[in-house]
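Asker: Below is the structure I would like to discuss, written out as structure tokens.
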Amino acid sequence: MSQASDLAELEEQARAAIAGVVDVQGLQETRARFLGRSGSIKVVLRLLAELPEEQRRELGQAANATKERIEECVRARRAELESARIENALSDHRLDVTLPGWIAPRGHLHPISRVFRDMTSFFAGLGFSIEDGPQIETDWNNFGALNFPEDHPSRDTQDTFFVEGGHVLRTHTSPVQIRAMTGRTPPFRFIAPGRVYRRDSDPTHSPAFHQIEGFMVDERVTFGDLKGVLYAFARHLMGPEVRLRFRAHFFPFTEPSAEMDFSWGDGWLEWGGCGMIHPNVLRNCGIDPDRYQGFAFGMGVDRTAMLRFGIPNLQLLFEGDVRPLEQL
374 MSQASDLAEL EEQARAAIAG VVDVQGLQET RARFLGRSGS IKVVLRLLAE
424 LPEEQRRELG QAANATKERI EECVRARRAE LESARIENAL SDHRLDVTLP
474 GWIAPRGHLH PISRVFRDMT SFFAGLGFSI EDGPQIETDW NNFGALNFPE
524 DHPSRDTQDT FFVEGGHVLR THTSPVQIRA MTGRTPPFRF IAPGRVYRRD
574 SDPTHSPAFH QIEGFMVDER VTFGDLKGVL YAFARHLMGP EVRLRFRAHF
624 FPFTEPSAEM DFSWGDGWLE WGGCGMIHPN VLRNCGIDPD RYQGFAFGMG
674 VDRTAMLRFG IPNLQLLFEG DVRPLEQL
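Using our numbering, the letters of the sequence shown correspond one by one to residues 374 to 701.
Here it is, written out as structure tokens:
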């Protein structure tokens, strides 16, 4: 191949081959066939050594010019293929603005969180402060300071989770009462919402559950004040038609003590416990029971949420399945 006409024919073949490729991979293979180490142009350049000097110079210049034109053709075809690829991608994912809109699903608060917020906002409106405490408690704060005798059943391992160092997973939020009252001078009123632990598991009980406790201490606090607060609280949570009743009961940390039940119509449901803070509990916190008295109450937040939202099984609140919760 020593004639200029052969170079022109080679260029035409290259242009036709480049125009016929349909993707970048094919373009790279075509370029290599004409411009690669073993390509047609390289073959031509290797033959230059066999030509006279004058022809060698002339054919070399022609071969280099042909190589450059083929390179330019490759670059132009590459740009066309890339533009077509982008256009196809945009076409495949084009947004049809005439279609109706799609609303992304929104999350919402867990029923426990909703009830917690409703409870705390109510008591905040009555001037109650919010107190918190550790979930791993000392035996003194969980039992001793609350007037539990040494042989009380709740101190047994069948009811309580014990941990190293003589500590327990708190069985109620009442230890927060001890922490909040110790070192302070009445009057004060607090609520203590939080998670507690007991060895209990069935459709209406869980080993880990939530309580809210409230207490108020002053020089003239009566059981009537306690009933007034709880009536207002129940109506706030469950509506004006709710009824409450108080049944005599025993708790080590209150005297007198009562169980609270409520009803919307037929039948009564247990809600929580309440009473006047036992003088021994006040003494254990450094408060003179001859001058001050107070009330305390507590109820399960989880059970309140079950009743409020009509949830039949407590486990549905904690299994991680969002389907039952989405119905709320």
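Glycine residues also receive a C-beta, built at the ideal position from the N, C-alpha and C atoms.
Going by DSSP, what residue range makes up the beta strand (DSSP E) through Arg562?
Answerer: 561 to 570
Asker: Please say whether Glu592 and Gly671 have beta carbons closer to each other than 9 Å?
Answerer: no
Asker: Just to confirm, is the Cβ distance from Ala669 to Gln550 under 9 Å?
Answerer: yes
Asker: Using only CA atoms, which one of Leu472, Asp532, Gly612, Phe407 lies nearest to Glu441?
Answerer: Phe407
Asker: Look at the alpha carbon of Met374 and the alpha carbon of Arg450, and state the distance between them as a whole number of angstroms.
Answerer: Unreliable positioning characterises Met374 in this predicted model, as indicated by a pLDDT of 43, which lies under 50. A coordinate reading is not provided.
Asker: Do Arg543 and Pro580 come within 9 Å of each other at the CB atom, strictly closer than that value?
Answerer: no
Asker: Sort Asp598, Trp637, Pro629, Thr627 by Cα distance to Leu617 and report the nearest one.
Answerer: Nearest of Asp598, Trp637, Pro629, Thr627 to Leu617, Cα basis: Trp637.
Asker: Using the Cα positions of His651 and Arg557, report the straight-line distance between them to the nearest angstrom.
Answerer: 17 Å
Asker: For Asp661, which of Pro559, His583, Gly539 has the nearest alpha-carbon?
Answerer: Pro559
Asker: Using the Cα positions of Pro613 and Glu523, report the straight-line distance between them to the nearest angstrom.
Answerer: 43 Å
Asker: Thinking Met649 and Phe606 are a contact (beta carbons under 8 Å), I'd like their distance in whole angstroms, please.
Answerer: So it is not a contact: roughly 17 Å between Cβ atoms.
Asker: Rounded to whole angstroms, what's the CA-CA distance from Glu455 to Cys446? Just pull it up for me.
Answerer: 14 Å
Asker: What's the gap between the Cα of Arg608 and the Cα of Val594?
Answerer: The straight-line gap from Cα to Cα measures roughly 22 Å.
Asker: May I ask you to verify whether the region 476 to 487 touches the region 677 to 690, counting CB pairs closer than 8 Å and requiring at least 3?
Answerer: yes
Asker: Closest to Leu499 by C-alpha separation, out of Leu599, Glu384, Arg388, would be which residue?
Answerer: Comparing Cα-Cα distances from Leu499 to each of Leu599, Glu384, Arg388, the minimum goes to Leu599.
Asker: Starting from the Cα of Ala381, find the closest Cα among Thr439, Pro548, Arg467, Glu699 and give me that residue.
Answerer: Among Thr439, Pro548, Arg467, Glu699, the Cα nearest to that of Ala381 is on Thr439.
Asker: Would you mind giving the Cβ-Cβ distance between Val541 and Asn515, rounded to the nearest angstrom? I have them listed as a contact below 8 Å.
Answerer: Rounded, the Cβ-Cβ distance is 5 Å, consistent with contact.
Asker: Whole angstroms are fine: how far does the CA of Leu689 sit from the CA of Val590?
Answerer: 38 Å
Asker: So, is Ile459 buried or exposed, given that buried needs 16 or more other C-beta atoms within 10 angstroms?
Answerer: exposed
Asker: For Ser547 versus Phe619, is the C-beta spacing smaller than 9 Å?
Answerer: no
Asker: Count the other CB atoms, across all protein chains shown, that sit within 10 Å of the CB of Ser413; report buried if there are 16 or more and exposed otherwise.
Answerer: buried
Asker: To the nearest angstrom, how far is it from the Cα of Ile684 to the Cα of Val674?
Answerer: 13 Å
Asker: Assuming Phe624 contacts Gly645 (C-beta within less than 8 Å), just tell me the rounded distance between them.
Answerer: The Cβ separation is near 11 Å, so there is no contact.
Asker: Under the three-state reduction of DSSP, which class applies to Ala462: helix, strand or coil?
Answerer: helix
Asker: Are Ile391 and Ile443 touching if we call contact CB-CB under 9 Å?
Answerer: Yes, Cβ-Cβ distance for Ile391 and Ile443 is below 9 Å.
Asker: Taking DSSP as the reference, what is the three-state secondary structure of Gly683?
Answerer: In the structure shown, Gly683 sits in coil (DSSP, three-state: anything other than H, G, I, E or B).
Asker: Within 10 angstroms of the Cβ of Pro354, are there 16 or more other Cβ atoms? Answer buried if so, exposed if not.
Answerer: Shown here, the chain extends from 374 to 701; a query on residue 354 therefore has no answer.
Asker: Alpha carbon to alpha carbon, what distance is there between Glu384 and Ala436?
Answerer: 10 Å
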